[in-house]
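Each position in the sequence shown, counted from 1, maps to that position plus 1 in the working numbering. The structure appears below as structure tokens.
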Amino acid sequence: MLAPMPPLTRMVVPALEDLARQLRFAPREALLRDIERAESLAGEVLATSTYDEAWIIARVTGYEAKLESPAIILGNALLADLSAFVERLSDAARLGEADLPEGWLDTEALAARWSVSRKTLDRYRKRGLVARRVIGGDAKVRLAFTPDIVEAFEARQGRTIAKARKFTRIPPEIEASIVRRAGRYRSRFGCSLNEAAARLATRFDRSHEAVRQVLQRHDQARPKAARIFDAPGPPDERFERLAWRAWRRALDPGLLARRSKRSRVSVVRCINRRRTALLQGVEVTPFGARVKVDAADRVLEAEPCRTGLDVRPVLDALEWARQAPRTPAPVGIEERLRAQAYHLLVRRAADLAAGLDPAKPDAQPIDLAETSLRWASRLKAALVLSQQGLIARAIESRLGRPLDQVRGADLAALVVLACRGVGEGIDAYDPFSAAGKVAGRLAAPAGLAIDRAVVRWLKQHARPDDARPRATPRLTGGTPIADWSLSLCAWQAWTEPDPRVRAGAAMMGEAERAFLLRRFGWDGGPPATRDDLVRPFGLTRITVVTRERKLVREAVERSRAMHVVPGRS
2 MLAPMPPLTR
12 MVVPALEDLA
22 RQLRFAPREA
32 LLRDIERAES
42 LAGEVLATST
52 YDEAWIIARV
62 TGYEAKLESP
72 AIILGNALLA
82 DLSAFVERLS
92 DAARLGEADL
102 PEGWLDTEAL
112 AARWSVSRKT
122 LDRYRKRGLV
132 ARRVIGGDAK
142 VRLAFTPDIV
152 EAFEARQGRT
162 IAKARKFTRI
172 PPEIEASIVR
182 RAGRYRSRFG
192 CSLNEAAARL
202 ATRFDRSHEA
212 VRQVLQRHDQ
222 ARPKAARIFD
232 APGPPDERFE
242 RLAWRAWRRA
252 LDPGLLARRS
262 KRSRVSVVRC
272 INRRRTALLQ
282 GVEVTPFGAR
292 VKVDAADRVL
302 EAEPCRTGLD
312 VRPVLDALEW
322 ARQAPRTPAP
332 VGIEERLRAQ
342 AYHLLVRRAA
352 DLAAGLDPAK
362 PDAQPIDLAE
372 TSLRWASRLK
382 AALVLSQQGL
392 IARAIESRLG
402 RPLDQVRGAD
412 LAALVVLACR
422 GVGEGIDAYD
432 PFSAAGKVAG
442 RLAAPAGLAI
452 DRAVVRWLKQ
462 HARPDDARPR
472 ATPRLTGGTP
482 IADWSLSLCA
492 WQAWTEPDPR
502 VRAGAAMMGE
512 AERAFLLRRF
522 GWDGGPPATR
532 DDLVRPFGLT
542 RITVVTRERK
552 LVREAVERSR
562 AMHVVPGRS
């Protein structure tokens, strides 16, 4: 007798889960057509590609979707959710065995056909093996696989199935031999559990994972003193934070792997899980939700969004008081394009983050999302820089005296607060045209935000009524202003490198400096992903990662050796 099925499989792609919720109210005939189209989609999706949400909806429903802000979904995430998606549609349609084509197979029959376990079939369902849920004659729910799906999966994954078919359990006597040899490898060569498993897998013609599990089971069943390997337990949240902080300092994950007695892969996965959690916490503004993908691409390709982004704030109070009032008014079209690009990039990063698997996130989309946020930070800094004249006039108006009669420390604090206020105004500014109306200028929300910031400062520094009058202050040089361009966005705390990197890069060779400037967008253009650096510098993606880590550490050392103050222009 076939066993009843567990509850519906959890989905990880929000866009696909939302589509399943919407379609559950469709007529039964429409659901059957949607199921067939979704099954055929599994053969078209490539795990390494990305897919537009609107395209997926059109392929499943047969109707072109006009979405305000379609999500971008990774191919491997889409494949992992397709079976769960079809199962939900099958459940909504209340499919029975009579609705299946001739030659369909249940789980046990398919496992027997491929000579694999049910657990292996569950893994295959995450790779595009789509199942339907049907109600049998005994009222029990079962998984069913159509002949077309089975044959298509065999064509795509034939080698994987053949390898799984050859699997046999390791006999006890072989396990004992594996354990004995692992003990010798540990005592003679100092091998870790993972290294010993790799050697033994070749010797005994077994998979690396199977041997590793044999060794793990052996050690877990014995007291600590009798274990072969003193391997740690699974990484916890504290270790993830530690690994992420080491990665932020450009340390090699292999170093932490050796010290923590874990594999390098495990350490990198911890780092990427932490990066994913941070990305998924980014707040998205509602602006730009109506912009289609092709229109968004045109905005991001516009010259104002790709040039003039190397913002160097004036960090001396006296010099700022001289220069800020002379800041020219920004050009309207450039201002709107940069503001539009800012909102679109934040939304793109959020869409990429939503498609990541929290357990095993892919590094490539993480890098693209972080680079998008870094680019958004550059655009925001350029917009704030264009409002320096407005900031100067607002400070003079609220204080009731010229800038050169303001204490240096007070002016420095006010400039930083006002710049952050402009940043808040950018988040509240909708630069997209709506219903034929032309979007307003940034000066309106920025001016309100500046005024609120200055008023708050004045309330906090109000003088008592009985305070003795003071002499009129005179602004002098030498009062530093904190670099406001590094604190406009919450995500800059974990997307920007150590400020000493930029200072140290100025003292490096031309090729090394060009690499860092291009990577972090300090050359006036948008920051580059690691993939963007492969061709211009003649490197592979692996060597790009290694080179970045090496140059970041070297730049910090040079800055430290020269006692350069971080954040100074």
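By construction, the Cβ of each residue, glycine as well, lies at the ideal position given by its N, Cα and C atoms. Predicted, not measured: the structure shown is a model, and the values here were computed from it.
Suppose the cutoff is 6 angstroms on Cβ atoms and the five residues either side in sequence are ignored; what does the same chain contact list for R550 look like? Excluding positions up to five away in sequence, the list reads A251.
Proximity of A413 and A507 at Cβ, strictly below 8 angstroms: no
Please go through the same chain and pick out, in chain order, the residues whose beta-carbon is closer than 8 angstroms to the beta-carbon of R29, but skip the five residues on each side of it. Counting only Cβ-Cβ distances below 8 angstroms, and skipping sequence neighbours, we find A94 and R95.
For I74, the residue or residues it bridges with in DSSP: For I74, which the question treats as bridged, DSSP gives the partners Y52.
Look at R143 and D107 and say whether their C-beta atoms are less than 8 angstroms apart. Yes.
Can you check which of these residues, R166, P432 and L130, is closest to D149 by C-alpha distance? L130
From the DSSP output, in three-state form, read off K551 for me. helix
Can the beta-carbon of V283 be found less than 8 angstroms from the beta-carbon of A364? no
Classify A562: buried if its beta carbon has 16 or more other beta carbons within 10 angstroms, exposed otherwise. exposed
Segments assigned alpha helix (DSSP H), at least 4 residues, entirely inside the segment 116-174: Correct list: 119-126, 148-157 and 159-166.
CB of P305 within 8 angstroms of CB of S387, strictly: Inclusion of P305 and S387 in the CB contact set at 8 angstroms is not warranted, their separation being larger than that value.
Return the CA-CA distance between K225 and Y186, expressed in angstroms with no decimal places. 18 angstroms
On the three-state DSSP scale, how would you describe G437? The pLDDT assigned to G437 is 40, lower than 50, so where the model puts this residue is not dependable; a value taken from the coordinates is nonetheless given after this. Note: G437 maps to coil in three-state DSSP.
R536 and L489 look like a contact to me (Cβ under 8 angstroms); what is the Cβ gap, rounded to whole Å? In fact, because the Cβ distance is near 31 angstroms, the residues do not count as touching under 8 angstroms.
Along the chain, where does the alpha helix (DSSP H) that runs through V215 open and close? H209 to Q221
DSSP has P481 in a bridge; who is on the other side? D317
What is the DSSP secondary structure of L106, reduced to helix, strand or coil? strand
Give the C-beta separation of A165 and T203 to the nearest angstrom, bearing in mind that I take them to be a contact with Cβ-Cβ under 8 angstroms. Going by Cβ atoms, the distance from A165 to T203 rounds to 19 angstroms, so no, they are not a contact pair.
Taking the beta carbon of D231 as the centre, do at least 16 other beta carbons fall within 10 Å, making it buried, or is it exposed? With a threshold of 16 other beta carbon atoms within 10 Å, D231 falls short and is exposed.
What are the partner residues of G97, as DSSP defines its beta bridges? In DSSP, G97 forms a bridge with I136.
Three-state class that DSSP yields for I179 in the structure shown: helix
Sequence-distant residues of its chain with Cβ nearer than 7 angstroms to K381 (five each side left out): Within the same chain, and ignoring the five residues on either side of K381 in sequence, the residues whose Cβ sits closer than 7 angstroms to its Cβ are Y343, G424, I427, L489 and C490.
Give the secondary structure of Q281 by DSSP, where H, G and I count as helix, E and B as strand, and everything else as coil. coil
Does the beta carbon of R242 sit closer than 8 angstroms to a beta carbon anywhere in chain D? No chain D is part of this structure, which consists of one protein chain only.
Kindly indicate which three-state DSSP category P15 falls into: helix, strand or coil? helix
Under a three-way DSSP split, which group does R291 fall into? Note: R291 maps to coil in three-state DSSP.
Assuming D638 and L17 form a contact by the criterion Cβ under 8 angstroms, report the distance between their Cβ atoms to the nearest whole angstrom. Residue 638 is absent from the structure shown; the chain starts at 2 and stops at 570.
With A393 and P326 assumed to form a contact (beta carbons below 8 angstroms), what rounded beta-carbon distance in angstroms separates them? 5 angstroms
Buried or exposed by the 16-neighbour rule on C-beta atoms within 10 Å, applied to P366: Under this definition P366 is a buried residue.
C-alpha distance - Q211 paired with H219, whole-angstrom precision: In the sequence under discussion, the amino acid at residue 211 is Ala, which differs from the Gln named in the question. Straight-line Cα distance between these residues: approximately 13 angstroms.
Hey, T308 and T530 are a contact pair by Cβ (cut 8 angstroms); roughly how many whole angstroms apart? Actually they do not touch by this definition, with Cβ atoms about 19 angstroms apart.
Exposure label - A377; buried when at least 16 CB within 10 Å: buried
If you count every other CB in all the chains shown that lies within 10 Å of the CB of V259, and 16 or more means buried, which is it? The question names Val, yet the displayed sequence has Arg at residue 259. Exposed: under 16 other Cβ atoms inside 10 Å.
Just to confirm the assignment: which complete beta strand (DSSP E) runs, minimum length 3, are found wholly within the segment 489-513? none
With a CB to CB cut of under 6 angstroms and the five nearest residues on each side skipped, what residues in its chain are close to A556? V502, G505 and A506
Tell me, please, whether the segment 268-278 touches the segment 240-254 by the rule of three or more beta-carbon pairs shorter than 8 angstroms. yes
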